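Trainee:
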Amino acid sequence: MKRVFRSDFTFDIAVYLLAAVVLLIIAIPLLFVLAASFSDPDLVLRGKVLLIPKGLTLKAYTMVFENEDIWRGFVNSCFYTAAGTAISLVLTIMAAYPLSRPHLVGRRYIMLLIIFTMYFSGGMIPTFLLIQDLGIYNTVWALLLPAAVSTYNLIVAKTFFENSIPSELYESAKLDGGTSLQILLKIVLPLSKAILAVLTLYYAVAIWNAYFDALIYLRNSDLHPLQIVLRNILLLGQTEQMGTNDVGMAEKVKMAEAIKYSAIIVSSIPMLVIYPFVQKHFVKGVMIGAVKG
Amino acid sequence: MGNRLRKTVRQIRRDAGLYIILAVPVAWYLIFKYVPMYGLQIAFKKFNPTLGIIGSPWAGTTYFKQFFNSYYFADILWNTVSLSVFTMLIGFPAPILLALLINEIKNTRFKKAVQNITYMPNFLSVVVIVSMLSLFSNRDYGLFNRITSVFGREAVDFMSKPGYFQPLYVFSNVWQYMGFNAIIYIAALAGVDAELYEAASIDGASRMQKILHISIPSIMDTILILFIMRIGSIMTVGFEKVYLMQNNVTISASEVISTFIYKNGIQKGQFSYSTAVGMFNSVINFVLLAGANFVSKKTAKTSLW
Numbered sequence: 010m011k012r013v014f015r016s017d018f019t020f021d022i023a024v025y026l027l028a029a030v031v032l033l034i035i036a037i038p039l040l041f042v043l044a045a046s047f048s049d050p051d052l053v054l055r056g057k058v059l060l061i062p063k064g065l066t067l068k069a070y071t072m073v074f075e076n077e078d079i080w081r082g083f084v085n086s087c088f089y090t091a092a093g094t095a096i097s098l099v100l101t102i103m104a105a106y107p108l109s110r111p112h113l114v115g116r117r118y119i120m121l122l123i124i125f126t127m128y129f130s131g132g133m134i135p136t137f138l139l140i141q142d143l144g145i146y147n148t149v150w151a152l153l154l155p156a157a158v159s160t161y162n163l164i165v166a167k168t169f170f171e172n173s174i175p176s177e178l179y180e181s182a183k184l185d186g187g188t189s190l191q192i193l194l195k196i197v198l199p200l201s202k203a204i205l206a207v208l209t210l211y212y213a214v215a216i217w218n219a220y221f222d223a224l225i226y227l228r229n230s231d232l233h234p235l236q237i238v239l240r241n242i243l244l245l246g247q248t249e250q251m252g253t254n255d256v257g258m259a260e261k262v263k264m265a266e267a268i269k270y271s272a273i274i275v276s277s278i279p280m281l282v283i284y285p286f287v288q289k290h291f292v293k294g295v296m297i298g299a300v301k302g
Numbered sequence: 555m556g557n558r559l560r561k562t563v564r565q566i567r568r569d570a571g572l573y574i575i576l577a578v579p580v581a582w583y584l585i586f587k588y589v590p591m592y593g594l595q596i597a598f599k600k601f602n603p604t605l606g607i608i609g610s611p612w613a614g615t616t617y618f619k620q621f622f623n624s625y626y627f628a629d630i631l632w633n634t635v636s637l638s639v640f641t642m643l644i645g646f647p648a649p650i651l652l653a654l655l656i657n658e659i660k661n662t663r664f665k666k667a668v669q670n671i672t673y674m675p676n677f678l679s680v681v682v683i684v685s686m687l688s689l690f691s692n693r694d695y696g697l698f699n700r701i702t703s704v705f706g707r708e709a710v711d712f713m714s715k716p717g718y719f720q721p722l723y724v725f726s727n728v729w730q731y732m733g734f735n736a737i738i739y740i741a742a743l744a745g746v747d748a749e750l751y752e753a754a755s756i757d758g759a760s761r762m763q764k765i766l767h768i769s770i771p772s773i774m775d776t777i778l779i780l781f782i783m784r785i786g787s788i789m790t791v792g793f794e795k796v797y798l799m800q801n802n803v804t805i806s807a808s809e810v811i812s813t814f815i816y817k818n819g820i821q822k823g824q825f826s827y828s829t830a831v832g833m834f835n836s837v838i839n840f841v842l843l844a845g846a847n848f849v850s851k852k853t854a855k856t857s858l859w
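Those sequence lines, one after another, are chains A and B.
Residues 10 to 302 (the working numbering) are what the first sequence spells out, left to right.
Residues 555 to 859 (the working numbering) are what the second sequence spells out, left to right.
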């Protein structure tokens, strides 16, 4: 008995050590960016900052907020995320709810039509040509419509409706003369808050973080979402109009580097802020989806 | 027979409201998913925007041959497949191992902390991840170089060395998605009957034996399903991240099919040619998926359809 206890103890030690290592590997890059964003750019560029901010300053943040491109991108992204999530939610539920009714004639074929698109697609160019033909190229609709429905999310929602809404509820509502739409709005949705939270989170995160559709469908930079602006600043190094005309070249380079850390934080904050609130829901969402992939 | 037909018609009429609701998303699927599939035919045509998809003259398999015979065909195919296989070899088992590890943590608060922190990076955008890679790779003050310098290594700009392209891509992927992808396994492990573990303890099984003989077998179905789906996307390398990571110096290692399609199709306007390349990619994916599904159905009785 004693021997078993001892080996159990070493096993536990190993588990905790390993978990601690994983934790550090995940956390250090995040903490580093956070620390650097609040530090004196000089010290960051000389490699003095690691996990604790040095020469605490908000200089980099002030510059981010003074940057017009970032502001415009931020406002655009808020719009795309709000409008896009709303469209996505409505379309997803309009598909998932009817398809969750077991007696709907032809539901298997419609499901097949939908699921097939997960495994085969027309691809980048035919979709691009379609967007042009529809006349929504270079308009906000090019970001809101083509990616509106995620088939994975649709399946999660459908599985939820199938398993969590008792069919007696439908039958009695039907007998009371309720129409399909009334039943959906007054009975099903109020019982589906968990799945609505999950879908909202999934869609909002995906839309907020997307840059690809904007890259190919939007030429007009006034319409660009934050991710495109970030790419220009962070990866292509476009920081010319930073309002630093009167300072020297070295200073300019320094500020251009410093702003990168704070720009990363500012662009990630909205998602990281909503995350703790919806966290318990999205674990649930993954589990619902896992019932039948 | 007449009765059954009448019953079906009655059912359809009863559910008319549902069909009206359903019509909107179905229309979306037809327009945004099936019209592009119809548009795939331009891979076999000499597409001319003024003539349209239907009006353009047929070109047979010219564009496919052009791609297969091009000098870069082997390189691009190799980059795509090797990056994807590499990503899968490291990225697929990582969340399983993490879930098994988390499942062994007894202290509930520490367990929660590990879970919550490991799935945080999932919420960062690709632009942010690649920006972090590029900042960390800086020779003078990048995080990577400061860590390697502790071990006495010379500073390297990792982002501009073709040899580092794949490892950077793969390990940053693991870093970002491992925690989130582990959730599904953690949930499956939480559902395992506790009596199984108790019975094993009475029989004198060690913790490791319990993992091997109880935990892993009980999540095997989940692993298989996810594995089949993964096989079906072996030729799909996320365009977004590769495109952001690549630069002229690393192009020999970083040009993959999707970035090639973007440059030739969207940027240079070679619509037919790049559609053919894309179609080649989709078809291989689909064949691999169907093959993996078939094998799994025959051997493990688990399948997607």
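Every residue, glycine too, gets a C-beta built ideally from N, C-alpha and C.
Computed from a prediction, not measured in an experiment: that's the story for all the values here.
#1: Given 8 Å as the limit, is there contact between the segment 648–666 of chain B and the segment 17–35 of chain A, that is, 3 or more CB pairs closer than that?
#2: Pull up the DSSP beta-bridge partners for Lys-599/B, would you.
#3: Restricting to runs no shorter than 4 residues, where is the alpha helix (DSSP H) found entirely within the segment 815–848 of chain B?
#4: Is there a C-beta anywhere in chain A that falls below 8 Å from the one on Glu-708/B?
#5: Residues of the segment 210–229 of chain A in Cβ contact with chain B at a cutoff of 7 Å, in chain order, please.
#6: Indicate the three-state DSSP secondary structure (helix, strand or coil) for Met-10/A in the structure shown.
#7: Tell me where the alpha helix (DSSP H) around Val-639/B begins and ends.
#8: In whole angstroms, what is the alpha-carbon distance linking Ser-828/B and Ala-203/A?
#9: Is Gly-556/B helix, strand or coil when you go by DSSP?
#10: Please report the distance separating the alpha-carbon of Cys-87/A from that of Leu-743/B.
#11: Relative to the C-alpha of Met-686/B, which residue among Leu-190/A, Leu-184/A, Leu-243/A, Pro-234/A is closest?
#12: Within a Cβ cutoff of 7 Å, which residues of the same chain sit near Leu-766/B, ignoring the five residues on either side of it in sequence?
#13: In angstroms, rounded to a whole number, what distance separates the CA positions of Phe-586/B and Val-30/A?
#14: Does Glu-546/B come out as helix, strand or coil in the three-state DSSP assignment?
#15: Mind the definition here: the segment 779–790 of chain B touches the segment 836–855 of chain B only if three or more C-beta pairs lie below 8 Å; say whether that holds.
#16: If I measure Cβ to Cβ from Val-53/A and keep anything under 6 Å in the same chain, skipping five residues before and after, which residues do I get?
#17: Can you tell me the Cα-Cα spacing of Ala-157/A and Ile-574/B, whole angstroms?
#18: So, does the CB of Arg-117/A fall closer than 8 Å to a CB anywhere in chain B?
#19: Considering only the alpha carbon of each residue, which of Ile-35/A, Lys-68/A, Ile-196/A, Val-84/A lies closest to Asp-231/A?
#20: So is Met-10/A in contact with chain B if we call contact Cβ pairs under 8 Å?
#21: Determine the closest residue to Ile-788/B out of Lys-63/A, Tyr-128/A, Asp-17/A, with distance taken between C-alpha atoms.
#22: Examine chain B for any beta-carbon lying closer than 8 Å to the beta-carbon of Lys-289/A, and answer yes or no.
#23: Please name the residue in Thr-672/B, Leu-858/B, Ser-679/B, Ser-714/B whose C-alpha comes closest to that of Phe-690/B.
#24: Can you pull the chain B residues whose beta carbon is under 7 Å from the beta carbon of Val-282/A, in chain order?
#25: Please check if any C-beta of chain B sits within less than 8 Å of the C-beta of Phe-307/A.
#26: Any chance the segment 640–654 of chain B sits against the segment 733–750 of chain B, with 3 or more Cβ pairs inside 8 Å?
#27: Classify Ser-2/A as buried or exposed, calling it buried when 16 or more other Cβ atoms lie within 10 Å of its own Cβ.
#28: Strictly under 8 Å for the Cβ-Cβ distance: is Glu-794/B near chain A by that measure?
#29: Would DSSP call Leu-153/A helix, strand or coil?
#30: How close, in whole Å, do the beta carbons of Met-72/A and Tyr-816/B come, if the pair is a contact with beta carbons under 8 Å?
#31: With DSSP run on the structure shown, which of helix, strand or coil describes Asn-76/A?
#32: Give the straight-line distance between the Cα atoms of Val-563/B and Gly-115/A, rounded to the nearest whole angstrom.
#33: Could you round the C-beta distance between Lys-865/B and Pro-590/B to whole angstroms and report it? I think they count as a contact, below 8 Å.
#34: Report yes if the C-beta of Asn-602/B is less than 7 Å from at least one heavy atom of the ligand SAH; otherwise report no.
#35: Along the segment 164–193 of chain A, what residues have a CB closer than 8 Å to any CB found in chain B?
#36: Which residues of the segment 102–113 of chain A have a Cβ closer than 8 Å to any Cβ of chain B? Give them in chain order.
Mentor: Reading it off the structure:
#1: yes
#2: Looking at the DSSP assignment, Lys-599/B forms a beta bridge with Trp-612/B.
#3: none
#4: Not one chain A Cβ lies under 8 Å of Glu-708/B.
#5: Val-214, Asn-218, Tyr-220, Phe-221, Ile-225
#6: Residue placement at Met-10/A is poorly supported in this model, since its pLDDT is 44, which falls under 50; the coordinates still yield a value, given next. Look at Met-10/A here: in three-state DSSP terms it is coil, with no helix or strand label.
#7: 627–645
#8: 42 Å
#9: helix
#10: Roughly 38 Å separates the two Cα atoms.
#11: Leu-243/A
#12: none
#13: 45 Å
#14: Because chain B spans 555 through 859 in this model, residue 546/B falls outside it and cannot be assessed.
#15: yes
#16: Within the same chain, Val-53/A has close Cβ partners Ala-45.
#17: 19 Å
#18: no
#19: Val-84/A
#20: With a pLDDT of only 44 at Met-10/A, under 50, the local geometry of the prediction cannot be trusted, and no value is derived from it.
#21: Tyr-128/A
#22: Taking Cβ atoms only, chain B never reaches closer than 8 Å to Lys-289/A, which makes this a no.
#23: Ser-714/B
#24: Per Cβ cutoff of 7 Å: no residues; Val-282/A is ~10 Å from chain B at best.
#25: Residue 307/A lies beyond the stretch modelled for chain A, which goes from 10 to 302, so this question has no answer here.
#26: yes
#27: Here chain A covers residues 10 to 302 and nothing more, so residue 2/A does not appear.
#28: Taking Cβ atoms only, chain A reaches closer than 8 Å to Glu-794/B, which makes this a yes.
#29: helix
#30: Between Tyr-816/B and Met-72/A the Cβ distance is about 32 Å, and since that is not below 8 Å, they are no contact.
#31: coil
#32: So the two alpha carbons sit approximately 12 Å from each other.
#33: Only positions 555 to 859 of chain B appear in the structure, and residue 865/B is not among them; the question remains open.
#34: The ligand SAH is not among the ligands present in this structure, which contains no ligands whatsoever.
#35: Thr-188, Ser-189, Leu-190, Leu-193
#36: Met-103, Ala-104, Tyr-106, Pro-107, Leu-108, Arg-110, His-112, Leu-113
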